[in-house]
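Undergrad: Below you will find the structure I want to go over with you.
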Amino acid sequence: MIIFASVNYSKKEDMTTDEKYMLRALTLASMAKGNTSPNPMVGAVIVKEGKIIAEGYHHRCGCAHAEIEAINSVKDTQSLQGAEMYVSLEPCAHWGKQPPCADRLSQLPLKRVIIGCLDSNPLVSGKGIEIIKKAGIAVTTGVLERQARGLNKYFFTYFEKKRPYITLKWAQTADGFIDISRQNNSNERFWITNSALKIASHALRAANDCILVGRQTVQRDNPQLNIRHFYGQNPLRIVIDSSLRITESSHILADGGDTIVFNSLKEGKREHITYVKIDFCDNVPWQIIHYIYSIGKNSLIIEGGKQTLLSFIKEGLWDEANIYVGEKRIKEGLSCPQDKIKKFFSCQESYGPQRIEYYFNV
Numbered sequence: 181m182i183i184f185a186s187v188n189y190s191k192k193e194d195m196t197t198d199e200k201y202m203l204r205a206l207t208l209a210s211m212a213k214g215n216t217s218p219n220p221m222v223g224a225v226i227v228k229e230g231k232i233i234a235e236g237y238h239h240r241c242g243c244a245h246a247e248i249e250a251i252n253s254v255k256d257t258q259s260l261q262g263a264e265m266y267v268s269l270e271p272c273a274h275w276g277k278q279p280p281c282a283d284r285l286s287q288l289p290l291k292r293v294i295i296g297c298l299d300s301n302p303l304v305s306g307k308g309i310e311i312i313k314k315a316g317i318a319v320t321t322g323v324l325e326r327q328a329r330g331l332n333k334y335f336f337t338y339f340e341k342k343r344p345y346i347t348l349k350w351a352q353t354a355d356g357f358i359d360i361s362r363q364n365n366s367n368e369r370f371w372i373t374n375s376a377l378k379i380a381s382h383a384l385r386a387a388n389d390c391i392l393v394g395r396q397t398v399q400r401d402n403p404q405l406n407i408r409h410f411y412g413q414n415p416l417r418i419v420i421d422s423s424l425r426i427t428e429s430s431h432i433l434a435d436g437g438d439t440i441v442f443n444s445l446k447e448g449k450r451e452h453i454t455y456v457k458i459d460f461c462d463n464v465p466w467q468i469i470h471y472i473y474s475i476g477k478n479s480l481i482i483e484g485g486k487q488t489l490l491s492f493i494k495e496g497l498w499d500e501a502n503i504y505v506g507e508k509r510i511k512e513g514l515s516c517p518q519d520k521i522k523k524f525f526s527c528q529e530s531y532g533p534q535r536i537e538y539y540f541n542v
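Per my numbering, the sequence shown starts with residue 181, numbered consecutively.
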């Protein structure tokens, strides 16, 4: 899995001192992947006289922020006289579930605060830096900024594009098919990839707030859309079912997990299922994305089927595509939509004879 943009150094000696400590802060932050939403992942490192004396990271939403965890691990805050704090994201400047970190930092005898990148949340966005500077503490920004922004790409997309970060995901055979040819709408199960890629797929789900499929995918595969092969929190499941044709016995309606059903017939909630009525004569992808944004979810996986994927690709509503390529060849079947995004290919990751190809819409 790609956690955040890599640091392109041929040797560790090529990194500046600030970059080395910031890389440590980013590594700490990434340990909470999948646990902090809607908050960002943040890591903090306190350095004095060339030695790390305290560390911390934001474990999950509602818990202490990275800076506070690092500070709380120091027995006497007076020992921070002349120390420097490295934090991967600008310290917050507002009250939420936790008090403002910038206020706390401004009360410490720190010499300097080094920040990976600024916070796009309008409640912060430079205000944290201003508080710290007013306290007479020097501030350095933009250290490993690209990597720091890459780590929290979901968070930044939510505030800067006013929508969730969208990842397209599908599995395809080595010769480019996502399904076999089906006769009479058969529901035969067809597996393309092995268990290693299944674990990777569930890790991706664990890192995202929501997962979406179309009606035909539910009727054909009866997916659970959970993370039973990984650990963490299950994503909010979303299905597009205009005429409410999915049977009540399907996993996503019967197993008790939170599910949203976009349809044209009814609005309301029944136990764990929320029905959201939309206009199927209008732009369906944008209606769905606006709703997901409105409920504060900052990341979405679209797992199919083909028409659902193509509808989002057509609207340019995607940021990343993860294509799981198996070793099977079937010669004919339902072709994949890869040709619509192939110019965005970035890199690939091998799992024996299989691989994951990554595409980024930038």
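Even glycine gets a Cβ: it sits at the ideal position worked out from N, Cα and C.
For clarity, every value in this text was computed on a predicted model and none was experimentally measured.
Could you pull out every residue in the same chain whose Cβ sits closer than 7 Å to the Cβ of LYS477, ignoring the five residues on either side in sequence?
TA: Here residue 477 corresponds to residue number 297 of the sequence shown, with the count starting at 1. Cβ within range, chain order: PRO344, ASP389, CYS390, LEU416.
Undergrad: Return the chain-ordered list of same chain residues with a C-beta closer than 8 Å to the C-beta of GLN534, the five sequence neighbours on each side being excluded.
TA: As a position in the sequence shown, residue 534 is number 354, starting the count at 1. For GLN534, where only same-chain residues beyond five positions count, the Cβ hits under 8 Å are THR373, ASN374, ALA376, LEU377, TYR504, VAL505, GLY506, GLU507.
Undergrad: Taking the alpha helix (DSSP H) that TRP556 belongs to, which residues open and close that run?
TA: No information on residue 556 is available, as it lies outside the stretch 181 to 542 that the chain covers here.
Undergrad: If you drop the 5 nearest sequence neighbours on each side, which residues of the same chain put their C-beta closer than 7 Å to that of LYS231?
TA: Taking the first residue of the sequence shown as 1, we reach residue 231 at position 51. Closer than 7 Å at Cβ, skipping near neighbours: no residue.
Undergrad: Would the stretch 256 to 273 and the stretch 282 to 293 be scored as touching if the rule is three or more Cβ pairs under 8 Å?
TA: Flag = yes, the stretch 256 to 273 and the stretch 282 to 293 touch.
Undergrad: In angstroms with no decimal places, state the Cα-to-Cα distance between GLY223 and GLU247.
TA: Translated into the one-based positions of the sequence shown, residue 223 becomes position 43. Translated into the one-based positions of the sequence shown, residue 247 becomes position 67. Taking the straight line from one Cα to the other gives about 7 Å.
Undergrad: Quick one: grab the DSSP three-state call for LYS511.
TA: Sequence index remark: in the sequence shown, residue 511 carries index 331 (1-based). LYS511: coil per DSSP, three-state reduction.
Undergrad: Which one of LYS255, VAL227, ALA212 has the shortest CA to CA distance from HIS239?
TA: Against the sequence shown, residue 239 aligns to sequence position 59. It is ALA212.
Undergrad: Between which two residues does the alpha helix (DSSP H) carrying ASP499 extend?
TA: As a position in the sequence shown, residue 499 is number 319, starting the count at 1. Here ASP499 belongs to no alpha helix (DSSP H), and DSSP marks it neither H nor E.
Undergrad: What does DSSP give as the partner residue(s) for CYS390 in the beta ladder?
TA: Counting from one through the sequence shown, the residue named residue 390 turns up at place 210. In the DSSP output, where bridge partners are listed per residue, CYS390 has LEU416, LEU480.
Undergrad: From ARG545 to LYS446, what distance separates their C-alpha atoms?
TA: Any property of residue 545 remains undetermined from this structure, which presents the chain solely from 181 to 542.
Undergrad: Just to confirm before moving on: does the CB-CB distance between LEU497 and ILE346 stay below 7 Å?
TA: Taking the sequence shown and counting its residues from 1, one reaches residue 497 at position 317. Taking the sequence shown and counting its residues from 1, one reaches residue 346 at position 166. Yes, they are a contact pair.
Undergrad: What residue range does the alpha helix (DSSP H) around MET265 cover?
TA: Residue 265 sits at position 85 when you count from the first residue of the sequence shown. Note, MET265: premise wrong, no alpha helix (DSSP H); beta strand (DSSP E) at 264 to 269.
Undergrad: Grab the span of the alpha helix (DSSP H) containing ASN443 for me, first residue to last.
TA: For the purposes of this step, residue 443 is identified with residue 263 of the sequence shown, where counting begins at 1. Careful: ASN443 lies outside any alpha helix (DSSP H), inside the beta strand (DSSP E) at 439 to 443.
Undergrad: Using DSSP with H/G/I as helix, E/B as strand and the rest coil, what is VAL398?
TA: Taking the first residue of the sequence shown as 1, we reach residue 398 at position 218. Of the three classes helix, strand and coil, the one that applies to VAL398 here is helix, per DSSP.
Undergrad: Helix, strand or coil, according to DSSP, for GLU235 in the structure here?
TA: For the purposes of this step, residue 235 is identified with residue 55 of the sequence shown, where counting begins at 1. Looking at GLU235 - three-state DSSP - the assignment turns out to be strand.
Undergrad: At 3 residues or longer, what runs of the beta strand (DSSP E) sit wholly inside the stretch 269 to 338?
TA: The qualifying runs are 292 to 297, 318 to 321.
Undergrad: Residue range of the alpha helix (DSSP H) that ARG343 falls in?
TA: For this step, residue 343 is matched to residue 163 along the sequence shown. Run containing ARG343: none; DSSP gives neither H nor E here.
Undergrad: Just verifying my parser: in three-state terms, what is the DSSP assignment at PHE460?
TA: Start at 1 with the first residue of the sequence shown, and residue 460 comes out as number 280. Of the three classes helix, strand and coil, the one that applies to PHE460 here is coil, per DSSP.
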